[in-house]
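Worksheet for the structure shown next.
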Amino acid sequence: MSNAYIPFPSTILDVIKHTAQEYTFRMSYTGDVLPGQFFEVSIPKYGEAPISVSGIGDGYIDLTIRKVGRVTNEVFEHYVGQKMLIRGPYGNGFDTGLYLGEETVVVAGGTGVSPVRGVIDALSKGESRDNKYVIVGFKSPDDMLFKDDIKQWDDTLNLTLTVDRATEGYEGNVGLVTQYIQDLPLSDPKTAKAVVVGPPAMMHFTIIELKKKGFVDENITVSYERKMCCGLGKCGHCRIGDQYICLDGPVFQYDKAKELLD
Amino acid sequence: MGFVIPRAAFNQIIETLARRYRLYAPVRKKGAGRFLDTDVIMYDEVTTADEIVFDAKSDYAFKEALTPLSEVLFYFTEATTQEASFDNRPLLIFARSCDMHALKRLDQIFLENGPEDVFYQRRRELVNFVLMGCANSFDNCFCVSMGTNIAPDDYLFSVDLTAEGVACNVQDEAVAALFKAYGEETADVVPAHVTENKVKVNLPEQVPFSVRTDPLWDEYTVRCINCGRCNFVCPTCSCWSMQDIIYTDNGNVGERRRVGASCMVDGFTDVAGGGSYRKKNGERMRYKVLHKIYDHRQRFGINMCVGCGRCDDVCPEYISYSNIINKVYDASKEGE
Ligand SMILES: Cc1cc2nc3c(=O)[nH]c(=O)nc-3n(C[C@H](O)[C@H](O)[C@H](O)COP(=O)(O)OP(=O)(O)OC[C@H]3O[C@@H](n4cnc5c(N)ncnc54)[C@H](O)[C@@H]3O)c2cc1C
Ligand code: SF4
Ligand code: SF4
Ligand code: FES
Numbered sequence: 001m002s003n004a005y006i007p008f009p010s011t012i013l014d015v016i017k018h019t020a021q022e023y024t025f026r027m028s029y030t031g032d033v034l035p036g037q038f039f040e041v042s043i044p045k046y047g048e049a050p051i052s053v054s055g056i057g058d059g060y061i062d063l064t065i066r067k068v069g070r071v072t073n074e075v076f077e078h079y080v081g082q083k084m085l086i087r088g089p090y091g092n093g094f095d096t097g098l099y100l101g102e103e104t105v106v107v108a109g110g111t112g113v114s115p116v117r118g119v120i121d122a123l124s125k126g127e128s129r130d131n132k133y134v135i136v137g138f139k140s141p142d143d144m145l146f147k148d149d150i151k152q153w154d155d156t157l158n159l160t161l162t163v164d165r166a167t168e169g170y171e172g173n174v175g176l177v178t179q180y181i182q183d184l185p186l187s188d189p190k191t192a193k194a195v196v197v198g199p200p201a202m203m204h205f206t207i208i209e210l211k212k213k214g215f216v217d218e219n220i221t222v223s224y225e226r227k228m229c230c231g232l233g234k235c236g237h238c239r240i241g242d243q244y245i246c247l248d249g250p251v252f253q254y255d256k257a258k259e260l261l262d
Numbered sequence: 001m002g003f004v005i006p007r008a009a010f011n012q013i014i015e016t017l018a019r020r021y022r023l024y025a026p027v028r029k030k031g032a033g034r035f036l037d038t039d040v041i042m043y044d045e046v047t048t049a050d051e052i053v054f055d056a057k058s059d060y061a062f063k064e065a066l067t068p069l070s071e072v073l074f075y076f077t078e079a080t081t082q083e084a085s086f087d088n089r090p091l092l093i094f095a096r097s098c099d100m101h102a103l104k105r106l107d108q109i110f111l112e113n114g115p116e117d118v119f120y121q122r123r124r125e126l127v128n129f130v131l132m133g134c135a136n137s138f139d140n141c142f143c144v145s146m147g148t149n150i151a152p153d154d155y156l157f158s159v160d161l162t163a164e165g166v167a168c169n170v171q172d173e174a175v176a177a178l179f180k181a182y183g184e185e186t187a188d189v190v191p192a193h194v195t196e197n198k199v200k201v202n203l204p205e206q207v208p209f210s211v212r213t214d215p216l217w218d219e220y221t222v223r224c225i226n227c228g229r230c231n232f233v234c235p236t237c238s239c240w241s242m243q244d245i246i247y248t249d250n251g252n253v254g255e256r257r258r259v260g261a262s263c264m265v266d267g268f269t270d271v272a273g274g275g276s277y278r279k280k281n282g283e284r285m286r287y288k289v290l291h292k293i294y295d296h297r298q299r300f301g302i303n304m305c306v307g308c309g310r311c312d313d314v315c316p317e318y319i320s321y322s323n324i325i326n327k328v329y330d331a332s333k334e335g336e
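So, in structure tokens, the structure goes:
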């Protein structure tokens with residue numbers, strides 16, 4: 001019997017520094033994995049942290065990690081060429097095929113960009129790119145992640161990049177992601193699809209705006225983060241109602257998600 | 001096979017079995033109760049029948065045999081990870097009907113929800129049961145309402161202390177051979193079970209969403225002190241947290257454990273950066289109660305709660321969980 005709790009070693013192939021506290025660790029990995037799924041980064045003696053897959057490539061996955069505590073601080077003590085233990089992938093992930101042929105809006109905030117980066121990437125390489133809208137928000141220009149990707153998305157898709165508050169020298173949009181939704185030039189919001197990922201409050205208000213715009217619950221997809229200790233449906237921390245975020249999510253259709261009361 | 005044997009003979013059988021199995025049974029711990037000079041009845045390893053408490057409900061369930069309150073999963077040294085060893089001698093657990101039913105719930109979480117849990121499974125394989133019959137219902141029990149008053153069939157033998165002697169329904173061949181050394185097989189022995197409890201609950205078939213936000217939960221924000229005792233005594237509560245420890249005398253060595261967790265206690269939902277869910281105790285009560293009587297059933301087809309009433313027995317604030325179930329039933333009818 002294989003033991004699901006035993007992590008396996010993965011080599012750090014590259015480290016991309018976005019901000020002082022947020023790095024992307026490119027980790028060696030071969031196997032099936034989808035955007036929106038996550039791995040447990042497992043540092044013996046420190047603990048484990050669930051981290052979304054922020055990129056998928058030949059022989060690697062990207063994990064974009066914010067340094068916030070015991071485990072993630074220790075992750076930042078690791079360098080290119082070293083190994084880290086990981087286990088996964090866990091969760092359902094996004095079905096990118098759902099969006100390629102449809103009018104689609106992706107709204108992402110902060111580290112919430114990580115789980116949807118793979119989705120946006122697929123859209124930016126897809127056939128019909130005119131009806132793909134991406135709204136990405138960060139706290140300030142200093143908090144921006146994936147700057148290179150964002151430049152490329154700006155060329156290929158209808159991108160709105162915004163920050164909550166500007167710093168000196170910044171000339172782009174200022175304001176919450178929610179304020180750009182009503183102006184989206186959609187042909188038919190009733191059939192358009194939306195993907196929303198970010199902090200709980202941002203998701204809450206974004207969905208209100210989307211519904212005001214005419215979106216229906218079934219066409220809105222969200223991804224949830226909850227406390228997780230296992231990723232395997234055992235520890236109970238991530239459960240809401242009859243759903244386990246680690247097994248049944250973290251990606252949910254909103255008509256289901258709205259029935260989940262923490 | 002039915003046997004009715006003298007207590008002395010029964011005691012000898014138990015001593016023989018203690019050489020084949022680790023016997024895990026409810027015992028009385030003097031003075032360890034919640035109040036001064038009260039006892040607590042909890043599970044422990046025994047080697048004689050006299051240690052076993054047959055005439056009272058245990059305050060705690062047997063679940064620690066399968067899900068220890070604190071269990072080492074791995075030992076870490078600088079370069080290696082070593083899976084923790086464990087006691088792999090077969091176990092014989094003395095349990096009542098409700099608790100035997102609880103096993104199925106634990107199995108659903110650890111074996112059917114996602115991949116199999118190896119640490120659970122390796123203990124689970126060792127488990128055998130002795131059914132302790134219930135001639136009378138204890139305080140706060142509502143097993144009849146929960147449909148758990150008749151035990152599942154998978155026990156080696158049952159025990160009822162009767163005026164005629166110890167009555168046992170022996171289902172295991174090897175154990176039957178032991179019994180035959182002490183007495184003749186009698187007519188069938190049916191393990192005692194209760195058919196009525198003083199406490200009864202009505203279970204709602206469907207719980208409409210409106211019940212989750214119903215004001216009925218507010219009362220518990222005030223009354224419940226989120227001590228978590230109701231979770232720790234519950235035979236079906238199984239949540240845990242992962243914990244890595246570095247040994248202080250050697251910083252390069254440590255272990256990964258899992259420790260019992262309670263959804264009523266602060267910290268259960270804490271995420272990095274100070275976020276948490278269900279800050280109010282009333283919300284935690286709603287989360288726990290609906291899991292026990294609805295959410296688990298929606299997922300696995302059976303209620304999680306087995307009606308043992310221990311959460312009612314233990315609550316320092318005298319909160320009646322069975323009463324809450326009835327309130328949920330009423331609110332569910334209204335919400336239909
Ligand atoms: C599905 C999912 C995907 C995630 N994706 C990312 C990502 O791509 N990038 C990223 O930087 N962060 C992500 N997080 C959050 C990340 O897991 C936490 O920041 C991390 O666990 C913090 O651990 P720590 O030990 O460094 O912090 P501490 O604050 O020291 O954490 C202490 C303990 O709390 C628990 N914990 C704290 N925060 C969380 C949390 N949000 N979720 C679950 N458990 C938590 C952990 O068990 C940890 O051991 C994700 C969380 C989830 C559930
Ligand atoms: S219900 Fe009672 S036992 Fe449970 S947490 Fe609240 S006060 Fe403690
Ligand atoms: S919820 Fe209460 S009555 Fe039900 S099984 Fe748990 S401790 Fe027993
Ligand atoms: S993370 Fe443990 S049950 Fe979902």
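Chains A and B supply the protein sequences, listed in that same order. Position 104 of the first sequence, counted from 1, bears residue number 104 in our numbering, the numbering being contiguous throughout. Position 243 of the second sequence, counted from 1, bears residue number 243 in our numbering, the numbering being contiguous throughout. Virtual Cβ for every residue (Gly too), placed ideally from N, Cα, C.
Margin query: For the stretch 215-236 of chain B, list every residue whose C-beta sits within 9 Å of some C-beta in chain A, in sequence order.
Written below: Within the stretch 215-236 of chain B, not one residue has a Cβ closer than 9 Å to any Cβ of chain A.
Notebook entry, point to check: In angstroms, rounded to a whole number, what distance separates the CA positions of F8 (chain A) and I41 (chain B)?
Noted result: By one-based count along the first sequence, residue 8 (chain A) stands at place 8. By one-based count along the second sequence, residue 41 (chain B) stands at place 41. Using only the alpha carbons, I get a separation of about 43 Å.
message = Assuming F142 (chain B) and G309 (chain B) are in contact, meaning their beta carbons sit under 8 Å apart, how far apart are those beta carbons, in whole angstroms?
response = As a first step, residue 142 (chain B) is located in the second sequence; it is residue number 142 there, counting from the start. As a first step, residue 309 (chain B) is located in the second sequence; it is residue number 309 there, counting from the start. About 6 Å; that satisfies the 8 Å criterion.
Checklist entry - If you draw a straight line from the alpha carbon of Y329 (chain B) to that of A261 (chain B), how long is it in whole angstroms? => result Residue numbering aside, residue 329 (chain B) sits at position 329 when the second sequence is read from its first letter. Residue numbering aside, residue 261 (chain B) sits at position 261 when the second sequence is read from its first letter. Cα-Cα distance, rounded: 28 Å.
### Query
Got a sec, what are the start and stop residues for the beta strand (DSSP E) C168 (chain B) sits in?
To locate residue 168 (chain B), count along the second sequence from 1; it is residue 168. Looking at the DSSP string, the run of the beta strand (DSSP E) that includes C168 (chain B) is 165-169.
Review point. Should T213 (chain B) be listed as close to ligand 1, given that the test is whether its C-beta is under 6 Å from any heavy atom?
Key: Here residue 213 (chain B) corresponds to residue number 213 of the second sequence, with the count starting at 1. Checking the Cβ of T213 (chain B) against ligand 1 gives no.
Exercise for review: Could you tell me if L232 (chain A) is buried or exposed, where buried requires 16 or more neighbouring beta carbons within 10 angstroms of its beta carbon?
Suggested key: To locate residue 232 (chain A), count along the first sequence from 1; it is residue 232. Buried is the call here.
Secondary structure of R129 (chain A), DSSP reduced to three states = Sequence index remark: in the first sequence, residue 129 (chain A) carries index 129 (1-based). Reduced to three states, the DSSP call for R129 (chain A) is coil.
At least 3 beta-carbon pairs within less than 8 Å: the stretch 4-12 of chain B vs the stretch 166-185 of chain B
They touch, by the three-pair rule.
| message | According to DSSP, simplified to helix, strand and coil, what is V175 (chain B)? | response | Position 175 of the second sequence holds residue 175 (chain B). Collapsing the DSSP output to three states places V175 (chain B) in a helix.
- Got a sec: does ligand 2 put a non-hydrogen atom nearer than 6 Å to the Cβ of R278 (chain B)? As a working mapping, residue 278 (chain B) is identified with position 278 in the second sequence. In this structure, R278 (chain B) has its beta carbon at no less than 6 Å from each heavy atom of ligand 2.
### Query
Going along chain A, which residues have a C-beta under 8 Å from T269 (chain B)?
Counted from its first residue, the second sequence places residue 269 (chain B) at position 269. Those are R226, K227, H237, D262, listed as they occur along chain A.
Q. What do you reckon, is the C-beta of I319 (chain B) under 6 Å from a heavy atom of ligand 2?
A. Translated into positions along the second sequence, residue 319 (chain B) becomes position 319. Answer for I319 (chain B): yes, Cβ within range of ligand 2.
Looking at chain A, which residues of the stretch 106-120 of chain B have a Cβ within less than 7 Å of any of its Cβ atoms?
Under the 7 Å Cβ criterion, the stretch 106-120 of chain B contributes I109, F110, N113, G114, P115, E116, D117, V118.
### Task
For P90 (chain B), count neighbouring C-beta atoms within 10 Å of its own C-beta (all shown protein chains included) and say buried if the count is 16 or more, exposed if not.
The residue labelled residue 90 (chain B) in the question sits at position 90 within the second sequence. By the 10 Å Cβ count, P90 (chain B) comes out exposed.
Name the DSSP bridge partner or partners of M42 (chain B)?
Along the second sequence, read from residue 1 onward, the residue named residue 42 (chain B) stands at position 42. For M42 (chain B), which the question treats as bridged, DSSP gives the partners B:V27.
Residues that Q253 (chain A) bridges to, as DSSP identifies them: Taking the first residue of the first sequence as position 1, residue 253 (chain A) is located at position 253. Q253 (chain A) is bridged to A:T221.
Checklist entry - Given a threshold of 16 other Cβ atoms within 10 Å of its Cβ, counted over all protein chains shown, does G358 (chain B) qualify as buried or as exposed? => result The structure shown does not extend to residue 358 (chain B), since chain B spans only 1 to 336, so no value can be given for it.
Is the distance from the Cβ of A4 (chain A) to the Cβ of P115 (chain B) below 7 Å?
Within the first sequence, numbered from 1, the residue matching residue 4 (chain A) stands at position 4. Within the second sequence, numbered from 1, the residue matching residue 115 (chain B) stands at position 115. One thing to note: A4 (chain A) has its Cβ within 7 Å of the Cβ of P115 (chain B).
Could you have a look at D154 (chain A) and say whether DSSP puts it in helix, strand or coil?
Here residue 154 (chain A) refers to the residue found at position 154 of the first sequence. If DSSP states are grouped into helix, strand and coil, D154 (chain A) belongs with the helices.
| request: Express the C-alpha separation of Q82 (chain B) and E196 (chain B) in angstroms, rounding to a whole number. | output: For the purposes of this step, residue 196 (chain B) is taken as the residue at position 196 of the second sequence. For the purposes of this step, residue 82 (chain B) is taken as the residue at position 82 of the second sequence. Taking the straight line joining both Cα atoms gives about 50 Å.
Name the residues in the stretch 45-77 of chain B whose C-beta lies less than 8 Å from a C-beta of chain A; which are they? Legend: CB atoms of the stretch 45-77 of chain B lying less than 8 Å from CB atoms of chain A belong to residues L73, F74, F76.
ask   = Along the chain, where does the alpha helix (DSSP H) that runs through K333 (chain B) open and close?
value = The count along the second sequence starts at 1 and reaches residue 333 (chain B) at position 333. It spans 321-335 - the alpha helix (DSSP H) in which K333 (chain B) sits, taken as one unbroken run.
With a threshold of 8 Å, are at least 3 pairs of Cβ atoms found where one atom belongs to the stretch 201-214 of chain A and the other to the stretch 13-31 of chain A?
Result no; under three Cβ-Cβ pairs closer than 8 Å.
Q) Leaving out the 5 sequence neighbours to the left and right, which residues in its chain are closer than 7 Å to A108 (chain A) when beta-carbon positions are compared? A) On the first sequence, residue 108 (chain A) is found 108 positions in, with the first residue counted as 1. V116, V136, V197, G198.
(request) Check whether the Cβ atoms of D62 (chain A) and R87 (chain A) sit closer than 7 Å, and answer yes or no. (result) To locate residue 62 (chain A), count along the first sequence from 1; it is residue 62. To locate residue 87 (chain A), count along the first sequence from 1; it is residue 87. Not closer than 7 Å, so no.
Is C237 (chain B) near ligand 4, in the sense that its beta carbon is under 6 Å from a heavy atom of that ligand?
On the second sequence, residue 237 (chain B) is found 237 positions in, with the first residue counted as 1. False, no ligand heavy atom lies under 6 Å from that Cβ.
message: Tell me the residue span of the alpha helix (DSSP H) that contains T72 (chain A).
response: Here residue 72 (chain A) refers to the residue found at position 72 when the first sequence is read from its first residue. Per DSSP, T72 (chain A) belongs to the alpha helix (DSSP H) from 70-75.
Q) Closer than 6 Å: is that where the CB of Y224 (chain A) sits relative to any heavy atom of ligand 4? A) Within the first sequence, the letter at position 224 stands for residue 224 (chain A). No; taking the cut-off as 6 Å, the Cβ of Y224 (chain A) has no heavy atom of ligand 4 nearer than that.
Exercise for review: Taking only heavy atoms of ligand 3 into account, decide whether any of them is closer than 6 Å to the Cβ of C168 (chain B).
Suggested key: Walking along the second sequence from the start, residue 168 (chain B) turns up at place 168. For C168 (chain B), the shortest C-beta to heavy atom distance toward ligand 3 is 6 Å or greater.
(message) Using only CA atoms, which one of B:T248, B:N88, B:S241 lies nearest to R258 (chain B)?
(response) Translated into positions along the second sequence, residue 258 (chain B) becomes position 258. The candidate whose alpha carbon is nearest that of R258 (chain B) is B:S241.
How big is the Cα-Cα spacing for E225 (chain A) and C239 (chain B)? Here residue 225 (chain A) is taken as the residue at index 225 of the first sequence, counted from 1. Here residue 239 (chain B) is taken as the residue at index 239 of the second sequence, counted from 1. Take the alpha-carbon of E225 (chain A) and the one of C239 (chain B): they are about 18 Å apart.
Within the present structure, is the beta-carbon of M228 (chain A) separated from the nearest heavy atom of ligand 1 by less than 6 Å? Locating residue 228 (chain A) in the first sequence gives position 228, where the first residue counts as 1. A distance criterion of 6 Å places the beta-carbon of M228 (chain A) in contact range of ligand 1, judged by its closest non-hydrogen atom.
Nearest to V314 (chain B) (by Cα), restricted to the options B:R229, B:G273, B:I324, B:L290: The sequence position of residue 314 (chain B) within the second sequence is 314, counting from 1. V314 (chain B) has its Cα closest to that of B:R229, out of B:R229, B:G273, B:I324, B:L290.
ask   = Is the stretch 17-25 of chain A close to the stretch 54-72 of chain A, with three or more CB pairs under 8 Å?
value = Taking 8 Å as the limit for Cβ pairs, the verdict is that the stretch 54-72 of chain A does touch the stretch 17-25 of chain A.
Self-check item: Which listed residue (B:N252, B:E283, B:E64) has its alpha carbon closest to that of D214 (chain B)
Solution: Along the second sequence, read from residue 1 onward, the residue named residue 214 (chain B) stands at position 214. Comparing C-alpha distances from D214 (chain B) to each of B:N252, B:E283, B:E64 shows the shortest one belongs to B:E283.
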